[in-house]
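Below you'll find the structure, written out as structure tokens, and then a few comments.
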Amino acid sequence: GAGVSQSPSNKVTEKGKDVELRCDPISGHTALYWYRQRLGQGLEFLIYFQGNSAPDKSGLPSDRFSAERTGESVSTLTIQRTQQEDSAVYLCASSLATGGGTDTQYFGPGTRLTVL
Amino acid sequence: AQTVTQSQPEMSVQEAETVTLSCTYDTSENNYYLFWYKQPPSRQMILVIRQEAYKQQNATENRFSVNFQKAAKSFSLKISDSQLGDTAMYFCAFMKRGGGSEKLVFGKGTKLTVNP
Chain F
4 GAGVSQSPSN KVTEKGKDVE LRCDPISGHT ALYWYRQRLG QGLEFLIYFQ
54 GNSAPDKSGL PSDRFSAERT GESVSTLTIQ RTQQEDSAVY LCASSLATGG
104 GTDTQYFGPG TRLTVL
Chain V
3 AQTVTQSQPE MSVQEAETVT LSCTYDTSEN NYYLFWYKQP PSRQMILVIR
53 QEAYKQQNAT ENRFSVNFQK AAKSFSLKIS DSQLGDTAMY FCAFMKRGGG
103 SEKLVFGKGT KLTVNP
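Chains as they are written, first to last, in the numbering used here: chain F, 4 to 119; chain V, 3 to 118.
Encoded structure:
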């Protein structure tokens, strides 16, 4: 595709339910990032994938949060037993990650999660 | 840990005028990158400009330029000839070079409104 895509665009769920958020990176981009943006705040890093492995999971806020990536492409962020404080926009970004540290991260439009 | 501070929650400017957005950061690293991202109401994060810390010359992209003061750890964004389409949230971000995870650390953002 032309850019990073995310689905769904919006998700409303009830407290305690599990949700899955999907990210399709730009084709050929080996690095993939998940960020969370709470209302009126900047983005917080959650997890980084290089290929299918996740060398940096330091931003995941609790063990209710997990993510996987398959085929060096699609990634899924799963939130189990959602809480109201999980309400936020979840943004995905990808980059070429050629190792030079200069690769621009291209962002998707995000998924707005609302936990009632 | 790195931190990024944007001290202006909101700013406004008249169309065709110039505006400067402030950003300071704190790091003990010597090799890093700084970015300004724009986020319009569509939620899409768009890279505006990037600065490599090892470069003394300030980056410029058309109407956008930065004033990078490494010793002062300051990285302001100047928008010249402001246009209505520049209305958006602007985020300053820091990336440590190397170390495996090139995650971005964001400030809380400045909401810029360009008035006709």
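Every residue, glycine too, gets a C-beta built ideally from N, C-alpha and C.
As the structure is a computational prediction, the values presented were derived from the model and not from experiment.
Helix or strand or just coil, what does DSSP make of residue i?
i, result
"V/Leu49", "strand"
"F/Leu24", "strand"
"F/Leu116", "strand"
"F/Glu75", "coil"
"F/Gln87", "helix"
"V/Ser24", "coil"
"V/Val107", "strand"
"V/Ser67", "strand"
"V/Thr41", "Strictly speaking, residue 41 of chain V in this sequence is Gln, with Thr absent from that position. Here V/Gln41 sits in strand by DSSP."
"V/Ser78", "strand"
"F/Ala70", "strand"
"F/Thr81", "strand"
"F/Pro58", "strand"
"V/Thr7", "strand"
So who's on the other strand from residue i, going by DSSP bridges?
i, result
"V/Tyr56", "None, per the DSSP bridge assignment."
"F/Asn13", "F/Arg115"
"V/Glu12", "V/Lys113"
"F/Arg39", "F/Glu47, F/Tyr93"
"V/Leu36", "V/Gln53, V/Phe96"
"V/Asp88", "Answer is none; V/Asp88 lacks a bridge partner."
"F/Ala1", "Since the first residue of chain F shown is 4 and the last is 119, residue 1 of chain F is not available in this structure."
"F/Leu63", "Answer is none; F/Leu63 lacks a bridge partner."
"F/Ser8", "F/Asp27"
"V/Thr62", "V/Ser67"
Cβ closer than 7 angstroms: which chain V residues qualify as neighbours of residue i?
i, result
"F/Phe52", "Residues of chain V passing the Cβ test: none, with the nearest at roughly 10 angstroms."
"F/Gly45", "Phe93, Phe108, Gly109, Lys110, Gly111"
"F/Gln108", "Leu106"
What does residue i reach in chain V if we use C-beta pairs closer than 9 angstroms?
i, result
"F/Gly113", "Arg45, Gln46, Met47"
"F/Leu94", "Arg45, Met47"
Since residue i meets chain F, which of its residues come closer than 7 angstroms, beta carbon to beta carbon?
i, result
"V/Lys202", "Absent from the model: residue 202 of chain V. The displayed extent of chain V is 3 to 118, so no value can be given."
"V/Phe77", "Residues of chain F passing the Cβ test: none, with the nearest at roughly 15 angstroms."
What distance in whole Å lies between the Cβ atoms of residue j and residue i, which are believed to be in contact at a cut-off of 8 angstroms?
i, j, result
"F/Phe110", "V/Gln53", "Actually they are not in contact, since the Cβ atoms of F/Phe110 and V/Gln53 sit about 19 angstroms apart, beyond 8 angstroms."
"V/Ile81", "V/Thr20", "7 angstroms"
"V/Thr112", "V/Gln41", "Contact doesn't hold; Cβ gap of about 11 angstroms is too wide."
"F/Ser78", "F/Leu35", "5 angstroms"
"V/Val116", "V/Thr89", "5 angstroms"
"V/Cys25", "V/Phe108", "So it is not a contact: roughly 10 angstroms between Cβ atoms."
"F/Tyr51", "F/Leu94", "F/Tyr51 to F/Leu94, Cβ: 13 angstroms. No contact."
"F/Leu49", "F/Phe68", "7 angstroms"
"V/Ser84", "V/Glu17", "6 angstroms"
"V/Phe96", "V/Tyr34", "6 angstroms"
Who are the neighbours of residue i on chain F, taking C-beta pairs under 9 angstroms?
i, result
"V/Arg65", "Under the 9 angstroms cutoff, chain F gives no residues; its nearest Cβ is about 19 angstroms from V/Arg65."
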